[in-house]
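As structure tokens, the structure follows; a few thoughts come after it.
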Amino acid sequence: METSDTQKVDNLDYCLKNLIAIDATPTSTELLHNNNLLKLSCENAQLLVNKIFGLNRTTTSDGVFAELPSTDEIVMPRVFPLPKPREKTRWEIFAELKGIKKRKRSRKVFDPTVNDWVPRWGYKSIKKNKLNKPPIMEVKPGSDDNVLDLESAKKSVMKSKQKLRELRNKMEQSARKDKSQLKKTLQRVKESTKGCGKHGKLKGKTKVSIKRKPVTQSLQSEKDSYLSSIKKLNL
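Next comes the structure, spelled out in structure tokens:
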């Protein structure tokens, strides 16, 4: 493709980011039944190529590349709806009520075992220093239990409590799913087997119906249907 001068007036609406050119000029029915429509399409395509070659270009060993703009001149419709916001956990709701804001933790923290500031994570972090140089723990009189075992037991209890809180939040978020969502999930689970659900069918189960089947037709029949619709408009 290369630039070329055309006799057609440049009255197109461009969206170079998506390589779109729209010709809103009204046409007659006579233009649709001969080669004039093909000629008009070629001229519009040439105008689009001329616009692309007017952009900033870079030449590499693979060829010439044009830098497309980052702004959208035409707003494209979405294929899927916007994702729904995630439901807030108990802590997030509590933090909003109390006005608690998350603060960014500092990179370094004071370690009393080495009496210096050390990284919070990574090489020579405070966690690794605790493993290599455990602090001195005071043993109360009359306690026969090992202090290290008590500390590990406390950590395991804290981890189990955290897992219970996570499960509770998931159960609260999933409790609002309606019946239709459960049916979709069940159908998705059935089709997630090795045989894609074909070999695991049970007797007496109702078949999931498809609301609409795709209608396919040839290119010529599709073109004829469009032309017949245009004729009915009495342009």
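Numbering (the UniProt record's numbering), first residue to last: 1 to 235. Cβ atoms here follow ideal geometry from the backbone N, Cα and C, with glycine treated the same way. Here the structure is a predicted model, which is why all the values come from computation and not from measurement.
Report task. Round the Cβ separation of L31 and D23 to the nearest angstrom and send it over; I've been treating them as touching at under 8 Å. Result -> In fact, because the Cβ distance is near 12 Å, the residues do not count as touching under 8 Å.
Query - Complete runs of the beta strand (DSSP E) confined to the segment 5-52 [at least 3 residues] - result: 13-15 and 20-22
Query raised in the report: Which same chain residues, not among the five before or five after E92, have their C-beta less than 6 Å away from its C-beta?
Result: none
Query raised in the report: Which residues in the same chain as A66 place their Cβ atom closer than 6 Å to its Cβ, once the five residues preceding and following it in sequence are excluded?
Result: I52, L55 and R57
**Report entry** Delimiting residues of the alpha helix (DSSP H) encompassing D62
**Finding:** Segment: none, D62 is in no alpha helix (DSSP H) and carries neither H nor E.
**Report entry** Contact under 8 Å by Cβ, V109 with N129
**Finding:** no
Query - Neighbourhood of P69 by C-beta distance below 7 Å, restricted to the same chain and skipping five residues each side - result: L16 and K17
Requested in this report: Tell me whether D10 is buried or exposed, calling it buried when 16 or more other Cβ atoms sit within 10 Å of its Cβ.
Outcome: exposed
Query - Per-residue burial, D224 [other beta carbons within 10 Å of its own, 16 or more giving buried] - result: exposed
Query raised in the report: Which word fits N44, buried or exposed, when buried means at least 16 other C-beta atoms lie within 10 angstroms of its C-beta?
Result: buried
Report task. Would you identify the three-state DSSP class for K108, choosing helix, strand or coil? Result -> strand
Query raised in the report: According to DSSP, is R168 helix, strand or coil?
Result: helix
Query - Test item: CB-CB of I126 and D111 under 8 Å - result: yes
Query raised in the report: Under three-state DSSP, which class holds D149?
Result: helix
Requested in this report: Find out if the Cβ-Cβ distance for the pair L47, K8 is shorter than 8 Å.
Outcome: yes
Query raised in the report: Can you tell which of I74, N169, D149 and V139 has the C-alpha that lies nearest to the C-alpha of R86?
Result: N169
Report task. Would you mind reading off the limits of the beta strand (DSSP E) that contains D116? Result -> D116 to P119
Report task. Starting from F80, follow the alpha helix (DSSP H) in both directions and report where the run begins and ends. Result -> Run containing F80: none; DSSP gives neither H nor E here.
Query - Assigned secondary structure, R103 (DSSP; H/G/I helix, E/B strand, else coil) - result: coil
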